[in-house]
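Colleague: Below are the structure tokens for one structure; questions will follow.
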Amino acid sequence: MYDGTDLIFYFDGVNTNNDTQVINTGDGYLNFGQSIDISGGNLGDGFVSQYLLYDRAITQDDVSALYNSGAGCDKNAILADTCAGVPAGLPYTHVLITDLYNNATLPDGTTCYLGEVSNTSVSGVCSFYNQTTGLNYSVGSTNYFTATGTAVENSTINTQLLGAFPNVTAYNVEAVAVTTFNLTTAFTSNTTGAGSARLLLPPNASTSVNVTALNYFLLVANITTGSQDLDDKNVSGLYQTTFTINATNKYTGTLLSNFTGYAYHNDTGYNYTFNTTGNTTSFNALLGNYSVYVDVAGYSIGSDNTQSVLVDNTTKNLTFSLYSENSIFINIYDEETSIKILDNVSVIVSGNSSEETYYTTSGGLFVDNLTDGSYSIKFNSANYTQRTYIVSVADRSTQTLNAYLSASTDNVVLSIVDYDTATSLEGASIQQQRIVNGSWVNVESKLSDITGRAQFSFTIGTKYRFVVSYTGYTTKYFELDPIIFTSYYIRLEQIQTITEDYSRVDVTIYNTPQQFVNEQGNNFTLTFGSATGTLESYGYTLTFPGGSSAGAGVSANGETFAYTANITGASFGDRVNLTYWYDSIFNDNTTYTQLYLIDGAPQNGTAAKLKTDSYGMGAVEKGLLAMFIVLLVAFAFAVFGVPLIGVVAGLFLQAYFTYIGYLNIWFVVPSILIGLLVIVGSKK
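Going by this note's numbering, the sequence shown opens with residue 1121, and the numbers climb by one from there.
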């Protein structure tokens, strides 16, 4: 190429050399590739394969485009006959191909069409020459959608190809779609108010996308696209706070590792779970009210494992303090002052098959790694009386024991017996309590021994409460204010339960009362019921001191029986016995038995019991016997020289016989009047 000054040489479209030349401007011939053949003629012998004439100096881009277009002449053609010169000012159309996402030039080799002519891109450009303006062009790629347009002569047209335009939906950490959010990449962005948005992205790539929304932290997500991608894409993880949780040993304060748990969002019902081998776990969450639970292997499970918290800030740190499993934290106080005892205290912890002795001068002790079971813990100190506490250790449990020691040496013995039979109850649990700092606290707990007894120390003049419990018996509560005797008998009543086979189907049975009263009428009712009419027959028998009652029925829906049970002469230990039965289409011969206590029944040998007994004697016989007893007592006092006291004693005996119903009052009135006259006369 000659640009008016230099002769520029291109090889394979690349400038390889320049040489300054002066070309004649007058008329003449321009010889290109001239050679003398053996006949002396001028041939275009192929040293120059294409001849193009321009009325201007073409550029490097023009040369590259010409080279890539491949147009030319047969090397053996005769110039004058075949390869006429190309007219100056050859029309052209350049198509610049870029990615719509980032305006980057597409790699070489993209196929372009202009009309029926095809070409491939070089440096992102497809070049077409000597074409008619107005032809339609198209550009296609395996990764991009095809773009089309109309050629413009002598112009470069920038054609942008679309590779990926996915529909993006954003979710928060609880998997709830966020309706309004912004999407931003290094080159494009989009905003949505309807729950999703299409975002321009490059094809076959993983692109970093910034997701932002009101009241949420920035989320950086990667969206992976394919070729010609219009698919739906999801990004998740928008959050409002970072939750950090750890656990420590409550006794030593050291951090614990290897723990699991959950954080339940009370406001939404979403449950965050965590499992870490380290000593801290962090996770992203939403603001709100949470119930958080932590479980550490080898540590207790109880109230310390759960916390309720309000998360209202961008960060939340939560620490759990746990005791090691099967442990007891012991505090030792003076019962009178409620101040910790700093004297040397020995603590003996006795289990079913083990016993360990510990010593403390700090008023506290921590014992752990116990096996499941019941333990007796004894406290001894030089200035205090031994105290015992019974505690139960369950699997993975922890508990705090506040022990109170007393310097008093006074003791009381409690004997635990069956209410009806007076049989000693071994192994009854007895708690001794007193008021310390305005609240009842346990100052000692023991189990009754083989004789049913347990001994407790106490401070004279102090009110104590006792709680006695035994399996199968009603727990008894009582107070002693103060303790005035050295021993007490405590009677426990057995719990009466109906023996049932749990086979009732659509049958209801209930009765009143649950406790009867001696020497009065008790309104008894018993109801059989079936909502769907499954009963075939039913009935009952009620027996009690002083009478009995029975009834039966055959109504499919049941009925109610009513009866007034007049209980008379009940003794201590007597019971009301209720036996009832029913047959239904589902069950036959179903029978139940229930025993009920009688309130106010006197114990044998008491005055209240003797009051109603006649012992098989008539009124005259009882009167003569009573007179003999009275005269015998009066005579005895007279022998010792105090006849007046004998008269008084005789009157007392007659009054007693009258009270218990042994004598009729009219039988003793004359004797009492005569006795009073004697007393009054003796005074004068």
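Think of the CB as a built atom: it goes at the ideal place given N, C-alpha and C, for glycine as much as any other residue.
Write down the C-beta distance between Ser1356 and Ala1295 rounded to the nearest angstrom, noting that I regard them as a contact closer than 8 Å.
Modeller: Going by Cβ atoms, the distance from Ser1356 to Ala1295 rounds to 7 Å, so yes, they are a contact pair.
Colleague: Taking 8 Å as the threshold (C-beta atoms), are Asn1409 and Ser1444 in contact?
Modeller: No, they are not a contact pair.
Colleague: Using the DSSP secondary-structure output, state which residues sit across from Asn1138 in a beta bridge.
Modeller: Answer is Ile1128.
Colleague: Where DSSP assigns a beta bridge to Asp1454, which residues make up the other side?
Modeller: Looking at the DSSP assignment, Asp1454 forms a beta bridge with Leu1525.
Colleague: Using 8 Å as the threshold, is the C-beta distance between Val1259 and Thr1213 below it?
Modeller: Cβ atoms of Val1259 and Thr1213: not closer than 8 Å.
Colleague: Which parts of the stretch 1367-1441 are runs of the beta strand (DSSP E), unbroken and 3 residues or longer, counting only runs that do not cross its ends?
Modeller: Here the runs fully enclosed are 1379-1385, 1391-1396, 1400-1405, 1408-1416, 1426-1431.
Colleague: So, with DSSP's three-state summary, where would you put Asp1123?
Modeller: Three-state result, Asp1123: coil.
Colleague: Between Asn1223, Val1532, Leu1406, Tyr1257, which lies nearest to Phe1605 when the distance is taken from Cα to Cα?
Modeller: The shortest C-alpha separation from Phe1605 is found at Val1532.
Colleague: Please report the distance separating the alpha-carbon of Asp1219 from that of Asn1342.
Modeller: Asp1219 and Asn1342: Cα-Cα distance of roughly 20 Å.
Colleague: At 3 residues or longer, what runs of the beta strand (DSSP E) sit wholly inside the stretch 1524-1593?
Modeller: Fully enclosed beta strand (DSSP E) runs of 3 or longer: 1530-1538, 1549-1556, 1559-1567, 1573-1578, 1584-1589.
Colleague: On the DSSP letters alone, give me the boundaries of the beta strand (DSSP E) that Phe1777 sits inside.
Modeller: Unbroken run through Phe1777 is the alpha helix (DSSP H), 1763-1779; no beta strand (DSSP E).
Colleague: So what does DSSP say about Tyr1749, is it helix, strand or coil?
Modeller: It should be noted that the sequence gives Ile, not Tyr, for residue 1749. If DSSP states are grouped into helix, strand and coil, Ile1749 belongs with the helices.
Colleague: Apart from the five residues just before and just after Ile1158, which ones in its own chain have a Cβ nearer than 7 Å to its Cβ?
Modeller: Note that Ile1158 has pLDDT 48, beneath the 50 cutoff, so the model's placement of it is unreliable and the number below is only indicative. Contacts found: none.
Colleague: Taking the straight line between their C-alpha atoms, what separation do you get for Cys1232 and Ile1277?
Modeller: Approximately 12 Å between the Cα atoms of the pair.
Colleague: Whose C-beta lies closer than 6 Å to the C-beta of Asp1601 among residues of the same chain, with five residues either side of it excluded?
Modeller: These residues qualify, in order along the chain: Lys1583.
Colleague: Within 8 Å, do at least three Cβ pairs link the stretch 1259-1275 to the stretch 1287-1306?
Modeller: No, because fewer than three Cβ pairs between the stretch 1287-1306 and the stretch 1259-1275 fall closer than 8 Å, the two stretches do not touch.
Colleague: Comparing C-alpha positions only, which one of Leu1406, Leu1407, Thr1401, Ala1405 sits nearest to Asp1415?
Modeller: Nearest of Leu1406, Leu1407, Thr1401, Ala1405 to Asp1415, Cα basis: Thr1401.
Colleague: DSSP state of Gln1280, grouped into three classes?
Modeller: DSSP places Gln1280 in strand when its eight states are reduced to three.
Colleague: Tell me whether the beta-carbon of Tyr1609 lies closer than 8 Å to the beta-carbon of Val1537.
Modeller: Closer than 8 Å, so yes.
Colleague: Between which two residues does the beta strand (DSSP E) containing Leu1358 stretch?
Modeller: Run containing Leu1358: 1352-1358, per the beta strand (DSSP E) assignment.
Colleague: Contact check, Val1340 vs Leu1303 under 8 Å by CB: the rounded distance?
Modeller: Val1340 to Leu1303, Cβ: 11 Å. No contact.
Colleague: Assuming Glu1476 and Val1469 are in contact, meaning their beta carbons sit under 8 Å apart, how far apart are those beta carbons, in whole angstroms?
Modeller: Right, the Cβ-Cβ distance comes to about 5 Å (below 8 Å), so this counts as a contact.
Colleague: Contact defined as beta carbons within less than 8 Å: I believe Leu1281 pairs with Ala1267. What is the distance between those atoms, to the nearest angstrom?
Modeller: Indeed, because the Cβ distance is near 5 Å, the residues count as touching under 8 Å.
Colleague: May I ask you to list the residues that DSSP assigns as paired with Asp1703?
Modeller: According to DSSP, Asp1703 bridges with Ser1657.
Colleague: Counting along the chain, where does the beta strand (DSSP E) carrying Asp1463 start and finish?
Modeller: Unbroken run through Asp1463: none, as it is neither H nor E.
Colleague: Helix, strand or coil, according to DSSP, for Val1245 in the structure here?
Modeller: Of the three classes helix, strand and coil, the one that applies to Val1245 here is strand, per DSSP.
Colleague: So Leu1698 and Leu1662 are supposed to be a Cβ contact under 8 Å. How far apart are they, rounded?
Modeller: Indeed, because the Cβ distance is near 5 Å, the residues count as touching under 8 Å.
Colleague: With C-beta atoms as the reference, is Leu1805 less than 8 Å away from Thr1270?
Modeller: As displayed, the chain neither begins before 1121 nor continues past 1804, which places residue 1805 out of reach and without an answer.
Colleague: Determine which residues share a DSSP beta bridge with Lys1742 and list them.
Modeller: None; Lys1742 has no bridge partner.
Colleague: Does Gly1725 come out as helix, strand or coil in the three-state DSSP assignment?
Modeller: Summary for Gly1725: the model assigns pLDDT 47, below 50, so the residue's position carries little reliability; its value from the coordinates is reported in the next sentence. In the structure shown, Gly1725 sits in coil (DSSP, three-state: anything other than H, G, I, E or B).
Colleague: What does DSSP give as the partner residue(s) for Arg1695 in the beta ladder?
Modeller: Paired residue(s): Leu1717.
Colleague: Can you list, in chain order, the residues of its chain whose CB lies under 8 Å from that of Asp1126, leaving out five sequence neighbours each side?
Modeller: Counting only Cβ-Cβ distances below 8 Å, and skipping sequence neighbours, we find Asn1138, Asp1139, Thr1140, Gln1141.
Colleague: Got a sec, what are the start and stop residues for the beta strand (DSSP E) Phe1301 sits in?
Modeller: 1301-1304 is the span of the beta strand (DSSP E), which, as asked, contains Phe1301.
Colleague: Relative to the C-alpha of Tyr1509, which candidate in Asp1515, Ser1549, Ser1328 has its C-alpha closest?
Modeller: Closest by alpha carbon: Ser1549.
Colleague: In three-state terms, what does DSSP make of Thr1184?
Modeller: The sequence shown places Ser at residue 1184, rather than the Thr named in the question. Note: Ser1184 maps to helix in three-state DSSP.
Colleague: If I follow the unbroken beta strand (DSSP E) through Gln1634, where does it start and stop?
Modeller: Taken as a continuous stretch (DSSP letters only), Gln1634 belongs to no beta strand (DSSP E), as it is neither H nor E.
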